[in-house]
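Reading the sequence shown from the start, the letters are residues 5 to 377 in my numbering.
Below is one structure, written out as structure tokens; the observations come after it.
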Amino acid sequence: MSWLRIRELVRKEFIQLFSDRRNRVLMFIFPFIQMFIFGYVVNYDISNIRVAVLDNSKTYESHKLADSFTGSNIFHITNNVADDRQMAELLLRGKIDMGIKIDHDFASIIRKGQTAPIQILVDGSMSNMASMRVAYTASVLDKFNREELRELYPMNMSYGKVDARIRTWYNPNLNSQYFFVPGIVAVLVMITSFILTSIAIIREKEDGTMEQLIVTPLKSYEFIIGKTIPYIILSLGQMAAVIVLAIYWFEIPLNGSILLLFFATCLFLLSTLGIGLFISTISATKQQAMMTSFFFILPFFMLSGFVFPIVNMPQVVQWLTYLNPLRFFLVILRVIFLKGVGFDVLWPQYLALTILGIVVFSGAISRFKKRLD
Numbered sequence: 005m006s007w008l009r010i011r012e013l014v015r016k017e018f019i020q021l022f023s024d025r026r027n028r029v030l031m032f033i034f035p036f037i038q039m040f041i042f043g044y045v046v047n048y049d050i051s052n053i054r055v056a057v058l059d060n061s062k063t064y065e066s067h068k069l070a071d072s073f074t075g076s077n078i079f080h081i082t083n084n085v086a087d088d089r090q091m092a093e094l095l096l097r098g099k100i101d102m103g104i105k106i107d108h109d110f111a112s113i114i115r116k117g118q119t120a121p122i123q124i125l126v127d128g129s130m131s132n133m134a135s136m137r138v139a140y141t142a143s144v145l146d147k148f149n150r151e152e153l154r155e156l157y158p159m160n161m162s163y164g165k166v167d168a169r170i171r172t173w174y175n176p177n178l179n180s181q182y183f184f185v186p187g188i189v190a191v192l193v194m195i196t197s198f199i200l201t202s203i204a205i206i207r208e209k210e211d212g213t214m215e216q217l218i219v220t221p222l223k224s225y226e227f228i229i230g231k232t233i234p235y236i237i238l239s240l241g242q243m244a245a246v247i248v249l250a251i252y253w254f255e256i257p258l259n260g261s262i263l264l265l266f267f268a269t270c271l272f273l274l275s276t277l278g279i280g281l282f283i284s285t286i287s288a289t290k291q292q293a294m295m296t297s298f299f300f301i302l303p304f305f306m307l308s309g310f311v312f313p314i315v316n317m318p319q320v321v322q323w324l325t326y327l328n329p330l331r332f333f334l335v336i337l338r339v340i341f342l343k344g345v346g347f348d349v350l351w352p353q354y355l356a357l358t359i360l361g362i363v364v365f366s367g368a369i370s371r372f373k374k375r376l377d
């Protein structure tokens with residue numbers, strides 16, 4: 005093996021990469037745009053629930069109920085409607101997230117010490133958000149009920165109860181960014197290595213230089229090494245940049261070993277670069293390679309646990325996720341960032357990445373040899 009030939013091929017690859025303006029955008033601007041989009045936009049934190057109130061009672065009790073929602077700083081009463089039609093119209097147009105309907109006899113029923121019903125209408129088009137809004141609503145109504153009981157029955161009603169002292173480890177404030185931002189690092193590495201590697205060999209074919217490379221003394225494995233080294237360097241550089249951004253901009257704590265993090269990235273790149281090389285060998289044009297790359301990216305993303313918990317998926321789909329290297333890489337990233345554990349805990353994920361990487365990369369090399377011959 006000649007390292008001189010490999011070095012020259014790597015140098016040529018870097019020159020081609022940086023000479024194309026579109027590649028420069030993909031390598032240097034795209035990761036940071038994605039980081040900010042996912043970091044600020046994609047989250048499960050609920051801080052503004054728009055509410056419309058239909059108060060047919062118009063009494064002290066009904067006003068107090070409405071005030072109990074606005075006092076939580078999460079609910080914001082944006083509309084006071086006059087009838088059911090206006091409520092339905094606001095929900096249909098997406099101008100409110102929830103509606104509260106209070107009947108005319110609400111106050112009189114409460115004053116009799118009886119249970120007074122109210123109607124809560126929630127926009128269920130986004131089921132996750134709807135369930136969280138219902139949970140917040142239940143907590144507000146529970147607090148309102150306890151206050152009303154104290155007013156109606158001022159006597160001492162103390163009784164034994166469970167005092168739960170809840171502590172949330174690793175993410176005390178339940179901040180969605182702590183969950184999403186480490187995952188973005190993995191997704192960006194995957195997308196960049198997929199796309200750039202998938203067009204690496206296609207570019208040689210379209211530029212007419214592939215035949216020249218074949219007739220050179222360059223061995224096939226030297227060609228593979230020379231083609232993959234630039235993308236390994238770029239992916240590791242991008243990862244270092246977004247990790248710095250995650251730590252110092254988004255203030256995500258990095259409690260574990262940075263060396264274990266980069267070691268996992270190298271193992272993950274075995275799979276992504278292998279798939280990229282495979283795509284390069286079966287595609288005829290850059291456009292075809294790009295489309296094929298997204299064919300792989302979407303299932304990897306959906307079956308990784310980045311957004312949707314794997315345990316909630318059907319059992320057959322859960323088995324398929326074991327073929328997804330992004331699943332194991334995400335676990336390593338999030339655990340190292342938030343929990344700070346070491347190799348003694350994460351070795352199953354490292355082993356899975358190693359096996360998948362060796363199988364995928366070996367298959368890509370064998371496929372490439374056939375096409376090169």
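Glycine residues also receive a C-beta, built at the ideal position from the N, C-alpha and C atoms.
Only a predicted model underlies this, so the values are computations on that prediction, with no experimental measurement involved.
Can you give me the C-alpha to C-alpha distance between Leu200 and Gly280, rounded to a whole angstrom? Distance from the CA atom of Leu200 to the CA atom of Gly280, rounded to whole angstroms, is 8 Å.
Counting only the same chain and skipping the five closest in sequence on each side, list residues whose C-beta sits under 8 Å from that of Leu337. Only Pro186, Gly187, Val189, Ala190, Leu265 and Ala268 meet the Cβ criterion.
Cβ of Asp127 within 8 Å of Cβ of Met102? It is a contact, given that the beta carbons lie within the stated cut-off.
In this structure, does DSSP put His80 in helix, strand or coil? His80: strand per DSSP, three-state reduction.
So what's Gln123 in DSSP terms, helix, strand or just coil? DSSP places Gln123 in the strand class (E or B) of the three-state scheme.
So what's Ala168 in DSSP terms, helix, strand or just coil? DSSP, read as helix, strand or coil, puts Ala168 in coil.
Suppose the cutoff is 6 Å on Cβ atoms and the five residues either side in sequence are ignored; what does the same chain contact list for Ile286 look like? Correct list: empty, nothing qualifies.
Does Gly309 pass the burial test, meaning 16 or more other C-beta atoms within 10 Å, or should it be called exposed? Label assigned to Gly309: buried.
Roughly how many angstroms separate the alpha carbons of Gly230 and Ile237, rounded to a whole number? Pairing Gly230 with Ile237, the inter-Cα distance amounts to about 12 Å.
The beta strand (DSSP E) that contains Arg54, what's its start and end? For Arg54, the uninterrupted beta strand (DSSP E) segment begins and ends at Ile53 to Asp59.
Gln420 versus Arg331 - alpha carbon distance: Nothing about residue 420 can be reported from this structure: the residues present for the chain run from 5 to 377 only.
Cβ-based neighbour list, Val57, same chain, cut-off 6 Å, excluding 5 preceding and 5 following: Contacts found: Ala70, Ile81, Asn84 and Ile104.
Please state whether DSSP places Lys343 in a helix, a strand or coil. Coil at Lys343, not helix or strand.
Cα-Cα separation, Ile37 to Gln123: Each residue's Cα considered, the two are about 43 Å apart.
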